[in-house]
Amino acid sequence: MSLNQNSTVATNSIPERESVMYQLTSVTKNYAHKGKTVRALDVAELSIPAGQMVAIQGPTGGGKSTLLQMLGALDRPTSGSITFGGKDLATLRSAQLGTIRAEKIGFIFQNFNLIPTLNAAQNVETALAVNGVDKAGRKERALEALAAVGLADRADHLPSELSGGQQQRVAIARALVKNPQVLLADEPTGNLDEAMRDEVMELLERQWREKNLTLIMVTHDSAVARRAQRRLRIAHGKVTEAK
Ligand SMILES: Nc1ncnc2c1ncn2[C@@H]1O[C@H](COP(=O)(O)OP(=O)(O)O)[C@@H](O)[C@H]1O
Ligand SMILES: [Mg+2]
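In the numbering used here, each residue carries its 1-based index in the sequence shown increased by 1369.
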């Protein structure tokens, strides 16, 4: 083996978690509201390494959900650049953004967003419908994902037949069944009592660690935020590192 090849091996041995997942540069997002422009986001620079667990806090209306929407490629910034795994999202067409969302990014929300007429397994399967997995494969993976969140015995329950904590666990299974690189969570424990909050947080942390996820979580709850590796604060659209 030549020296050159050795150095290639050394470079490759840097763990993936040290690479950059997101890089934001001069990102703004404006909304038009009653004839006025509202600047919801104004981020000079923000870098999020792959594998990091980040908590985002700040006042209502500060721009937390707007930032998550940008990171999730659900919406485009008004100006500036966001790279995801080194790819500039601004250069991608809507269909390509859709593929990234479907394959690489999982979302969970405060109000779970489950489909009330589908049982737990069917809700989880919806995440795979656009990913070209056949029906039998979808069912199998949905059941595995439910087992991973401790709900193997609730697969045929409707959301209304589950507790809030269980519904959020179904939503987590739905977000993770596609094996995403990133999990974006907007107030995931906001509608849960303390016991269920702890249960959901423990589950999220375990999944983050086991699956080497980048976990970015908006939370009003300082007890939840303290469990993150890094805490950001957003107010008036500006991001600062919180101690
Ligand atoms: N779709 C929208 N249209 C107009 N204004 C919006 C829209 N979404 C958010 N905003 C405004 O952008 C700002 C940031 O909102 P948001 O990101 O939802 O804050 P947070 O999640 O921190 O409460 C607020 O002033 C809000 O009113
Ligand atoms: Mg919000």
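Using N, Cα and C, we set each Cβ at its ideal position, and we do this for glycine too. Fair warning: this is a prediction, and the values are worked out from it, not measured in the lab.
Could you check which residue in the options has the C-alpha nearest to that of residue i?
i               : options                               : result
asparagine 1492 : Ser1532, Gln1536, Ile1451 and Ala1505 : Gln1536
alanine 1459    : Ile1477, Ala1592, Met1439 and Glu1513 : Met1439
aspartate 1525  : Pro1485, Gly1454 and Gln1598          : Pro1485
glycine 1420    : Gln1550, Leu1561 and Leu1466          : Gln1550
lysine 1473     : Leu1553, Glu1571 and Gly1506          : Leu1553
valine 1395     : Ile1451, Glu1530 and Met1570          : Here residue 1395 turns out to be serine, not valine, going by the sequence shown. Of the candidates Ile1451, Glu1530 and Met1570, the one whose C-alpha sits nearest the C-alpha of serine 1395 is Ile1451.
lysine 1398     : Ser1434, Tyr1391, Gln1426 and Gly1404 : Ser1434
glycine 1606    : Lys1456, Ala1413 and Tyr1391          : Ala1413
methionine 1644 : Thr1406, Lys1547, Val1539 and Gln1479 : Since the first and last residues shown for the chain are 1370 and 1612, residue 1644 lies out of range.
alanine 1604    : Gln1465, Thr1429 and Ser1388          : Thr1429
Identify whether residue i lies in helix, strand or coil by the three-state DSSP scheme.
i               : result
lysine 1456     : strand
glutamine 1613  : Since the first and last residues shown for the chain are 1370 and 1612, residue 1613 lies out of range.
lysine 1580     : helix
glutamine 1491  : helix
glycine 1449    : strand
valine 1593     : helix
isoleucine 1484 : coil
aspartate 1444  : coil
aspartate 1411  : strand
lysine 1398     : strand
alanine 1505    : helix
alanine 1464    : helix
Which residues does DSSP pair with residue i in a beta bridge?
i               : result
glutamine 1426  : Arg1602
glycine 1475    : Leu1552
isoleucine 1585 : Val1423 and Leu1553
serine 1416     : Gln1392
glutamate 1610  : Leu1601
lysine 1405     : His1402
With a threshold of 9 Å between beta carbons, is residue i in contact with chain D?
i              : result
aspartate 1411 : You won't find chain D in this structure, because it holds only one protein chain.
Going along the chain, which unbroken runs of the beta strand (DSSP E) with 3 or more residues stay wholly within the stretch 1523-1561?
-> 1551-1555
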